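Residue numbers (our numbering), protein chains in the order written: chain A, 746 to 944; chain B, 146 to 868.
Worksheet: the structure to be examined is printed underneath.
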Ligand code: SF4
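In C-alpha cells:
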C-alpha cells in the first residue's frame, strides 16, 4: 500500500513513544467516543469484529494494509471465509459506496488528545476509513506520543508528500441546535484495536 | 456598499427568542467547556505566546513563505496561482473548470470563498456547487449567511432546519435531529460521488512542503479532498506557516478554543497530488489527482505591511472572541459584516471591504476586552478596532455635533464645566439627543429599564476646598486626586469618600481645579488631536501639584492617564516624557489603598451581617489587571460578608457612549448582570468604577430597589468613623 513513510517505527523509536502516555491516551480517546479494545494479539480482535459485523448486519468489508502486517492479513483471511472482504485496491474502489465496514491501520496515538495518526496516502485507505458507517482501526498499543507537539515533530521528519492526518473519534456534528450527532459524513463508530505485542 | 440600519437589525435580533436562547445557553456553557479542554495543559499562556510568535514571524515573511509554498507544491506536481481580489480568483477558477470540463463541485468550508461570494458566481456560470458542511449547506439552501465562524447555523432551531431540508429535498423532513443528519449524509454522499472537483479552504498552508491542513468534525474535508479527481485549495495569505512543526502551535489551541475539544475529529494533511482510483472506459485505473492552490490577497498583503493591522494575521478563526463577547452573545453574528462576525469580524471587514462598511458596525465593540483574555493569537481586538476608528475619523472627520462638543466645548474646561452645571438645573442646550450622546456619560434620558442619576447640585470641585482642610497635620505623602467627570459631577459624595480614605492613611490630598475630562470619550470617537489638547491640560495641572502619587478612583480615567497618554504622545518627545512621568505616579484607588491596608495590618477577614458582592469593571479587570485587591478590601470590611456572583467580570453594558447609542442592547446586558446580582443573595453590590455604578445603579433603581450599590471608597469611608 502506498504510504507517506514506510518506516514510521524508526522515527517513533527516536524517543517519542512511552508506555506512560497510554492512560492519558485512553482517557482522551474514550472522551472522544472512540470504542477502545486493548488486545494482546491480532486474533483476539476476531470475536470482537464478528460481533460488530453481526450487530450491524454487515455484508461487505473493505480491509487495507494487510501486506505490512501478516497477522492482520491472517485476520482478513479468516473474516474472508464468512464474509465478503475486499483487500485489493481496485475492488475496494469499485465497491466503496456499498462497503459496510472498513478496516485500516494507524501509526501512533497522541496522549494529550486521544487522536491516532493515519497514513492515508493510498486512496483505498481513505475510502475504507471514511465512507463506511463503521471504521475499525488497528494500532500498536505501545506507539503513543505525549502531545501534538511531538506528533508534529515526527511528521516534520516523515511527511514530504501525500495524505496523512489525525483522527479523533467518529465523524460528528453539532450544527443543529448544538446537539451532538455522530456519523454525519464519515463513520459513526470508530473502533480502535490497540494491540500490545510486547507482552 | 449597501447602507444598513444596524439599529433596526439589532432591534429585531433582541426580539428573536430562538436566537436569544441559543446564544444565551451557548455563552453560558462555553467558558467551562473551554476550561475543561485545557485542563491537561500546564500553561495556556505559553502556548498562546508560541502561536503568536510563530504567526508574527510568518506575517513578517509572508511573501517569502508564499514563494516557498508555491515552489514546494509545484515541485510535487501541483499548480499555484495568486489572485489579487475576488474577480481575479473567479477568472482563474473558471478557467480551471473549463480546461477540465468540470460540472459538479463539492466544497468544504472556506471562508475566503464566502468572502468573495464565490458560490453565487459559479452558479451563474452554470456550475453545480454544493457546500458539504452541514451548517453551511443548510444556510446555502436557506439563502442565509453564517452567524458564527465555527457554528454557522447557531441562530437556527430544529424546526427551521427541517423546513430548509424539506424545501431543498422537496419531501417532508421531520424536525428530528438524527434523522436530519442521516438525510444530509445520504444526500451529500451522492454529491461527493458525482463531483468532478472538490474545493477546500485550508486552516494552514505549510511553506516547506506545500501541504495544507484542514480541520473538520464532520469529515467532509477529507471526502472533498479524496474523491473528486480535481482539488482546488483556496486560501488567504494569512494561512501560510513556515514548517510542519508549526502546525502543532495552531492545533493545540484551535480546537480547545473553538469547540471545547482537545482535538477535532479530523485533521487532514494533504500535500500535492495523491492517487485516486476510478473507472475509465470500463476499467479501474489508478492515477494522480490534479491539485491547484489559489492564494487570495483581497487586502491581505496590504494589511501584512501595516505596522498595526498586521496583527490580524495572528487570527486562526477559532471564533472564541465571539463566544465571550457580550454583544455577540446577545444579538448574534448577522449584524456585523456578511462573513466575519464579532470584533475580529469588524476588523477583517474593515481591511477587506473598506472602512466605510466597517464604520457601520464598528461601535458594536464596547471595549470590554474579554476577547483578549481568550484569543489564542493574543490579538488586541479592541485596540485594532480603535485604530480603524481613528483612521476613519482622520479620513472623514467627525460628525458636526461631535466636532463641536469635542473641539469647542470639552477642550475649554470652563465652558464645559459650566454646561455641566447648567445640566444639573435641567437647562437647555444639553437636552438635545445628539449633544447628550457625545458627552462623556450620563446625560441621556433613558427611562426604560434604567434610570440615570442626575447631575449633582454641587460638583465635587466645589466641595473640595472644605474637605481638604481636614488634611493630616504631618502627612506621610502628598496625593493629587484626579476625579474624572463622573465623580466630579454625578457622584461627588463618592469623591468625598475617596478623599477621606486617603486622608485616613496619612495623605495630604490636593485637588487641582484645572483638571478636565480625561479624554476617553474623545479618544473612543477617534479624535486624537483634540484628545491631546485635553491630555496636555491634565498633565500640566497634575504636574503643578508636585504630588508623590496621582490617584484616580475611576478605572477608565486611570487607564487613560497611565497608558493612553503615552500612546497619544509617542511621536512627541517632550510630552511623551511628561506623560511617562505622570504614568509612573498614577495609581488606581482601590489597589493603592489595599496595599497600604495590607502593610498596616488592616486586612482582617470579617463576617458581618450584610451580604455584599463585587462587580468587576471591564477596564479595571482587563486593562489594569486589578480584581483581587477590591475583593480583599471587601472581605475585611466590617459589617459585611463577601459573596461572589456568577459572571462577576461580565460587562454591565455601559461602556461609554455605546450605552447611549444602543440603549436597548445595553439594557439586555444590564439585565443579565442584575439577574446575577440577585442570585448571589447580596443586598449590596460594590463597584470600583463610577460608570458601572451609574449603569447598575440605574437598573437596580428600577428593578431591584432593595439592593444598594456602593463604590468601594464609600464602603471604606463608612468604616472610618466620623473623622
Ligand atoms: S481573533 Fe483570536 S479569538 Fe478571535 S477568531 Fe481570531 S484567533 Fe480566535
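The beta carbon of each residue, even a glycine, is placed where N, CA and C say it ideally should be.
Just so we're clear, the structure is a prediction, and the values are computed from it rather than from any experiment.
For residue i, the nearest candidate out of the options (CA to CA)
i: residue 838(B); options: 854(B), 850(B) and 457(B); result: 854(B)
i: residue 136(B); options: 740(B), 744(B), 795(B) and 753(B); result: The requested residue 136(B) does not occur in the structure, where chain B is confined to residues 146 to 868.
i: residue 776(A); options: 408(B), 214(B) and 268(B); result: 408(B)
i: residue 682(B); options: 393(B), 835(B), 627(B) and 623(B); result: 627(B)
i: residue 610(B); options: 600(B), 658(B) and 638(B); result: 658(B)
i: residue 561(B); options: 181(B), 630(B) and 535(B); result: 630(B)
i: residue 855(A); options: 898(A), 785(A), 782(A) and 751(A); result: 898(A)
i: residue 444(B); options: 522(B), 435(B), 455(B) and 668(B); result: 455(B)
i: residue 785(A); options: 826(A), 887(A) and 862(A); result: 887(A)
i: residue 170(B); options: 368(B), 475(B) and 515(B); result: 475(B)
i: residue 442(B); options: 242(B), 709(B), 243(B) and 385(B); result: 385(B)
i: residue 261(B); options: 827(B), 228(B) and 641(B); result: 228(B)
i: residue 361(B); options: 399(B), 391(B) and 338(B); result: 399(B)
i: residue 770(A); options: 801(A), 876(A) and 914(A); result: 914(A)
i: residue 212(B); options: 719(B), 565(B) and 353(B); result: 353(B)
i: residue 564(B); options: 528(B), 540(B), 602(B) and 536(B); result: 602(B)
i: residue 670(B); options: 769(B), 541(B) and 655(B); result: 541(B)
i: residue 336(B); options: 250(B), 383(B) and 150(B); result: 250(B)
i: residue 616(B); options: 647(B), 642(B) and 190(B); result: 647(B)
i: residue 538(B); options: 521(B), 503(B), 696(B) and 246(B); result: 503(B)
i: residue 530(B); options: 488(B), 514(B) and 651(B); result: 488(B)
i: residue 392(B); options: 938(A), 935(A) and 904(A); result: 904(A)
i: residue 673(B); options: 197(B), 703(B) and 715(B); result: 715(B)
Contacts that residue i makes with chain A (C-beta to C-beta distance below 8 Å)
i: residue 414(B); result: 900, 904, 908, 909 and 910
i: residue 354(B); result: 904, 905 and 906
i: residue 873(B); result: Any answer about residue 873(B) is impossible in this case: the structure gives chain B only from 146 up to 868.
i: residue 164(B); result: The contacting residues do not exist; residue 164(B) stays about 12 Å from chain A at best.
Beta-carbon neighbours of residue i, restricted to chain A and to distances below 9 Å
i: residue 363(B); result: 916, 917, 918, 920, 929, 930 and 931
i: residue 333(B); result: 929 and 930
i: residue 467(B); result: The premise fails here: residue 467(B) is roughly 14 Å from chain A at the closest Cβ pair, so nothing lies under 9 Å.
Contacts that residue i makes with chain B (C-beta to C-beta distance below 9 Å)
i: residue 761(A); result: Neighbours of residue 761(A) on chain B: none; closest Cβ ~13 Å, over 9 Å.
i: residue 810(A); result: Chain B residues near residue 810(A): none, gap ~15 Å exceeds 9 Å.
i: residue 923(A); result: 167, 170, 171, 174, 296 and 299
Residue i: contacting residues in chain B (beta-carbon distance under 7 Å)
i: residue 858(A); result: 407 and 408
i: residue 897(A); result: 389, 390, 392 and 393
i: residue 926(A); result: 322, 323 and 326
i: residue 913(A); result: 408, 409 and 410
i: residue 773(A); result: 407
Interface residues of chain A facing residue i [CB-CB closer than 7 Å]
i: residue 280(B); result: 920
i: residue 338(B); result: 842
Partner residues on chain B for residue i, Cβ-Cβ distance less than 8 Å
i: residue 893(A); result: 393, 396, 397 and 408
i: residue 747(A); result: 420
If you measure beta-carbon to beta-carbon, which residues of the region 251-278 of chain B are closer than 8 Å to chain A? Along the region 251-278 of chain B, the positions whose C-beta sits under 8 Å from a C-beta of chain A are 277 and 278, read in chain order.
Using a Cβ cut-off of 7 Å, which residues of the region 829-845 of chain A contact any Cβ in chain B, in chain order? From the region 829-845 of chain A, only 834, 835, 838, 839 and 842 have a Cβ closer than 7 Å to chain B.
Threshold first: 4 residues or longer. Then list the alpha helix (DSSP H) segments lying entirely within the region 301-354 of chain B, N to C. Segments of the alpha helix (DSSP H) lying fully in the region 301-354 of chain B: 303-314 and 322-339.
What residues in the region 295-326 of chain B bring their beta carbon closer than 8 Å to a beta carbon of chain A? Cβ contacts with chain A: 296, 297, 298, 299, 301, 302, 303, 306, 322, 323, 325 and 326.
Closer than 8 Å, Cβ to Cβ, to anything on chain A: give me those residues from the region 411-445 of chain B, in chain order. Taking 8 Å as the Cβ-Cβ cut-off against chain A, the residues of the region 411-445 of chain B that qualify are 411, 412, 413, 414, 415, 416, 417, 419, 420, 421, 422, 423, 424, 429 and 431.
Quick one, which residues of the region 172-192 of chain B are near chain A if we go by CB-CB under 7 Å, in chain order? Those residues of the region 172-192 of chain B that come within reach of chain A (Cβ to Cβ, closer than 7 Å) are 185.
Residues of the region 861-877 of chain A whose Cβ lies closer than 9 Å to any Cβ of chain B, in chain order: Against chain B - using a Cβ distance shorter than 9 Å - the residues of the region 861-877 of chain A are 865, 866, 867, 868, 869, 871, 872, 874, 875 and 876.
Could you name the residues of the region 368-380 of chain B whose beta carbon sits closer than 7 Å to any beta carbon of chain A, in the order they occur along the chain? Residues passing the 7 Å Cβ filter: 368 and 371.
Going along the chain, which residues of the region 387-402 of chain B sit with their C-beta nearer than 7 Å to a C-beta in chain A? The residues in question are 388, 389, 390, 392, 393, 396 and 397.
Alpha helix (DSSP H) segments (min. 4 residues) lying fully within the region 834-865 of chain B: 835-848 and 857-863, all fully within the region 834-865 of chain B.
Taking only runs that begin and end inside the region 601-647 of chain B, name each unbroken beta strand (DSSP E) of 3 or more residues, in chain order. Along the region 601-647 of chain B, the beta strand (DSSP E) occurs as fully enclosed runs of 3 or more residues at 622-627, listed in sequence order.
Please list the segments of the alpha helix (DSSP H) lying wholly inside the region 711-738 of chain B, counting only runs of 4 or more residues, in order along the chain. Taking 4 residues as the shortest admissible run, the region 711-738 of chain B contains the following complete alpha helix (DSSP H) segments, listed from N- to C-terminal end: 718-730.
Cβ-based contacts, 7 Å cut-off: residues of the region 216-248 of chain B near chain A: Taking 7 Å as the Cβ-Cβ cut-off against chain A, the residues of the region 216-248 of chain B that qualify are 221.
Tell me the start and end of each unbroken alpha helix (DSSP H) in the region 469-496 of chain B that is at least 4 residues and wholly inside, in chain order. Within the region 469-496 of chain B, the complete alpha helix (DSSP H) runs of at least 4 residues are 473-476.
Taking only runs of the alpha helix (DSSP H) that begin and end inside the region 642-684 of chain B, which ones reach a length of at least 4 residues, in chain order? Taken in chain order, the unbroken stretches of alpha helix (DSSP H) that lie wholly in the region 642-684 of chain B and span 4 residues or more are 665-670.
Considering only residues of the region 185-218 of chain B, which uninterrupted alpha helix (DSSP H) runs meet the minimum length of 4 residues and lie entirely inside it, listed in chain order? DSSP runs (the alpha helix (DSSP H)) wholly in the region 185-218 of chain B: 189-205.
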